[in-house]
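Notes for the one structure printed next.
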Amino acid sequence: MPSHCQALPEQCWVDAETGVVSRAAFVDDDLYHLENARIFERQWVFLGHETEIPNTGDYVTRSLAGAPVVVIRGDGGEVSVLLNSCRHRGTKVCRSDSGNTKRFVCPYHGWTYDRGGKLLTTTFDQHFPRDFDFTTMALPRVPRVAVYKGLIFGCWNEGVLPLADFLGDFAWYLDPFLSRSPEGMEVLAPPHRWRAKANWKVGALNFVGDSQHILTTHIGPLTLDPVRAARAGFATAAENSFQVAADNGHGCTLTYLAPGLPPEAYQTHPRELAPLYEQCLQADQNELLKSLRVIVGTVFPNLSFIETQVGPAKKAIIMRQWQPISGTEMEVLSWILAEKEASPEYKAEVLRQGFHNFGIAGVFEQDDLELWASATDASNNSIAKQYPYSFHTAAPYFKNPEQQSQWPGRVYKPSDTEVAQLAFMVHWQACMSALT
Ligand code: FES
Ligand SMILES: [Fe+2]
565 MPSHCQALPE QCWVDAETGV VSRAAFVDDD LYHLENARIF ERQWVFLGHE
615 TEIPNTGDYV TRSLAGAPVV VIRGDGGEVS VLLNSCRHRG TKVCRSDSGN
665 TKRFVCPYHG WTYDRGGKLL TTTFDQHFPR DFDFTTMALP RVPRVAVYKG
715 LIFGCWNEGV LPLADFLGDF AWYLDPFLSR SPEGMEVLAP PHRWRAKANW
765 KVGALNFVGD SQHILTTHIG PLTLDPVRAA RAGFATAAEN SFQVAADNGH
815 GCTLTYLAPG LPPEAYQTHP RELAPLYEQC LQADQNELLK SLRVIVGTVF
865 PNLSFIETQV GPAKKAIIMR QWQPISGTEM EVLSWILAEK EASPEYKAEV
915 LRQGFHNFGI AGVFEQDDLE LWASATDASN NSIAKQYPYS FHTAAPYFKN
965 PEQQSQWPGR VYKPSDTEVA QLAFMVHWQA CMSALT
């Protein structure tokens, strides 16, 4: 190894002191398998939104720690999550992305399961041993399922801590975007899904706090739309904006409008909905939303969100999931949400603008994807892997959060360092070392 590269010890991929992270963490398939064992099989993972399955029998198919699962609304209204793999020879018993069903019929040999996963019948019941107990051949259920303000999470680990404890102080930041009206948020359409040739953490880090890429990666859309660029005012707003590193690896970046804009620019809340926010949120949470240009954040490990303005006094919330497929590939799911109380016209506009910016062909999405794939491709070789990634702009800040901050979590200013990203990676390292 050349003397000028910085080797990290075995099983240590993150050096918070100096601010470097091994490239292996972003390309190696061995680490992808270790992540499944130490993170995705052990911790709460997002599965979907309650409004995707409002009625009995509604389901969506998702993935949990690499295993295909069906998330279904049961007869009693509860949400169950079942392994989507037949107990006979393993075929997926549910083949659609979403739908409504009374039972699942395996397309291979016809075994039939009810909505709770119980095996109802095989096509050759008469040949089974006489005393055979069919209940032993149910579809395995994910043992822990919990809902937070509409977000459904599941966990294969029975002993996982309660979801509220897992979200910890980060829930305070989620509430203004999940429960700021009496009826809450709804998903406006099925998620866009696409594959990206990049490690899942690239997306998680980009959303937890990568303010530095905006004026280079996205200079195209910003240049083409000078109004948007002026409103964004990212460079001048960084001093008033901040990053948060919360419990358990969660974090976010809040960017506020630059000073000196016309007064109407600061009217960011939708007029029809603003009174509901006042009613549902704590005073300090309403304060947080004032003049907020954009918030991006990540719930560890792989749920991200962004709220951004999609027009005067119109805001779209986009939720993201970065599903690992291998060390160098992920599937991205992207939902758009709005308040249930919003008018149909408002929802239509949010949906249109939301996908325009952050759908599969979204203008910002395309910018990011190309560069994420390039980074992955250029890092995935034994030469490049000798040179760790730089998180140096995080190192001077990491141990120095704002002492007097009024907000929960560890709060850092300004907002254009990489400190939230480093905090995410430090937590990831702790999970991978089985220290959590
Ligand atoms: S694999 Fe499902 S019935 Fe055979
Ligand atoms: Fe981006």
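Residue numbers (the numbering used here): 565 to 1000.
In this text, a Cβ means the ideal position worked out from N, Cα and C, and glycines have one as well.
#### Entry: Helix, strand or coil at Asn770 according to DSSP, with G and I counted as helix
Here DSSP, grouped into helix, strand and coil, assigns Asn770 to helix.
#### Entry: Sufficient close CB pairs (3 or more, under 8 Å) joining the segment 971-990 to the segment 770-777
Here the segment 971-990 lies against the segment 770-777, with 3 or more beta-carbon pairs under 8 Å apart.
#### Entry: Rounded separation between Gly973 and Thr625 - CA only
Near 34 Å, if we compare the C-alpha coordinates of Thr625 and Gly973.
### Query
CA-CA distance, Val724 and Leu595?
Answer to the nearest angstrom: the Cα atoms are 22 Å apart.
### Query
Between Phe962 and Ala580, is the Cβ-Cβ spacing less than 9 Å?
Ala580 is positioned such that its CB atom lies closer than 9 Å to that of Phe962.
### Message
For Ala702, tell me which candidate among Pro726, Pro908 and Tyr677 has the shortest Cα-Cα distance.
### Response
Looking at the Cα atoms, Tyr677 is the closest of the given residues.
#### Entry: Where the beta strand (DSSP E) through Gln993 begins and ends
Gln993: not part of any beta strand (DSSP E); member of the alpha helix (DSSP H) spanning Val983 to Met996, first to last residue.
### Message
Could you check if His673 belongs to the surroundings of ligand 1, using beta carbon to heavy atom distance under 8 Å?
### Response
Distances from the CB of His673 to the heavy atoms of ligand 1 include at least one below 8 Å.
### Message
Considering only the alpha carbon of each residue, which of Ala589, Pro618 and Gln575 lies closest to Pro952?
### Response
Ranked by Cα distance from Pro952, the options Ala589, Pro618 and Gln575 are led by Ala589.
#### Entry: Ile783 beta carbon near ligand 2 (any heavy atom closer than 8 Å)
Between ligand 2 and the CB of Ile783, the shortest heavy atom gap is not smaller than 8 Å.
### Query
Quick one: Cα of Glu934 to Cα of Leu897, how far?
So the two alpha carbons sit approximately 17 Å from each other.
### Task
Give every residue of the same chain whose Cβ lies closer than 8 Å to the Cβ of Lys878, excluding the five residues on either side of it in the sequence, and list them in chain order.
Once the five neighbours on either side are set aside, the close Cβ partners of Lys878 are Pro834, Tyr910, Glu913, Val914 and Gln917.
### Query
In or out: Glu616 buried (at least 16 other Cβ within 10 Å) or exposed?
Per the 10 Å Cβ criterion, buried.
### Task
Please state if the CB of Phe730 and the CB of Asn812 are separated by a distance shorter than 9 Å.
Cβ distance < 9 Å, so Asn812 and Phe730 count as in contact.
### Query
Along the chain, where does the beta strand (DSSP E) that runs through Thr819 open and close?
Run containing Thr819: Gly815 to Tyr820, per the beta strand (DSSP E) assignment.
### Message
In chain order, what are the residue ranges of uninterrupted beta strand (DSSP E) at least 3 long that sit wholly in the segment 809-869?
### Response
You should have 815-820 and 856-863.
### Query
Is the beta carbon of Ile778 within less than 8 Å of some heavy atom of ligand 2?
The answer is yes for Ile778.
### Query
Phe604 and Gly630 look like a contact to me (Cβ under 8 Å); what is the Cβ gap, rounded to whole Å?
Yes, they are in contact, since the Cβ atoms of Phe604 and Gly630 sit about 7 Å apart, within 8 Å.
### Message
What would DSSP say about Gly973, mapped onto helix, strand or coil?
### Response
Here Gly973 sits in coil by DSSP.
### Query
Taking 8 Å as the line, does the beta carbon of His613 fall inside it for any heavy atom of ligand 4?
Ligands present in the displayed structure are limited to ligand 1 and ligand 2, and ligand 4 is not among them.
### Simplified DSSP state of Ile924, which is helix, strand or coil
Coil.
### Query
Which class does Lys949 belong to by DSSP, given the choice of helix, strand or coil?
In the three-state reduction of the DSSP assignment, Lys949 falls in the helix class, which pools H, G and I.
### Task
Consult DSSP for Gly732 and reduce its assignment to one of helix, strand or coil.
Gly732: helix per DSSP, three-state reduction.
### Message
Given the structure, does Val990 come close to ligand 1, in the sense that its CB is under 8 Å from one of the ligand's heavy atoms?
### Response
Not so, every heavy atom of ligand 1 lies at least 8 Å from the Cβ.
### Task
Starting from Glu893, trace the beta strand (DSSP E) both ways and give me its first and last residue.
Annotation for Glu893: the continuous beta strand (DSSP E) segment containing it runs Glu893 to Glu903.
### Task
Mind checking who Cys875 pairs with in its DSSP beta bridge?
The sequence shown places Gly at residue 875, not Cys. Lys878, per the DSSP bridge assignment.
### Enclosing alpha helix (DSSP H) for Thr781 [first to last residue]
Boundaries of the alpha helix (DSSP H) harbouring Thr781: Ile778 to Thr781, taken from the DSSP string.
### Task
Give a single yes or no on whether Asp980 has its beta carbon closer than 8 Å to a heavy atom of ligand 2.
For Asp980, the shortest separation between its Cβ and any heavy atom of ligand 2 does not lie below 8 Å.
#### Entry: Inter-residue Cα distance where the pair is Gln846 and Ser946
Approximately 52 Å, taken between the alpha carbons.
### Message
Can you tell me which residues form a DSSP beta bridge with Gln887?
### Response
Beta-bridge pairing by DSSP links Gln887 to Glu895.
### Expected contact under 8 Å - CB spacing of Pro823 and Glu599 to nearest Å
Actually they are not in contact, since the Cβ atoms of Pro823 and Glu599 sit about 42 Å apart, beyond 8 Å.
### Message
Looking at Lys716: is its Cβ nearer than 9 Å to the Cβ of Gly612?
### Response
The displayed chain sequence assigns Ile, not Lys, to residue 716. Using a Cβ distance threshold of 9 Å, Ile716 and Gly612 count as a contacting pair.
### Query
For Pro754, which option in Ala601, Gln993, Ile900 and Arg694 has the closest C-alpha, if you only look at C-alpha atoms?
For Pro754, the nearest C-alpha among the options comes from Ile900.
### Message
Please identify the residue among Gly891, Val860, Ser890 and Asn866 whose C-alpha is closest to the C-alpha of Ile882.
### Response
Of all alpha-carbon atoms in Gly891, Val860, Ser890 and Asn866, the one lying nearest the alpha-carbon of Ile882 is that of Val860.
### Query
How long is the line joining the alpha carbons of Arg705 and Leu647, rounded to whole angstroms?
Using only the alpha carbons, I get a separation of about 6 Å.
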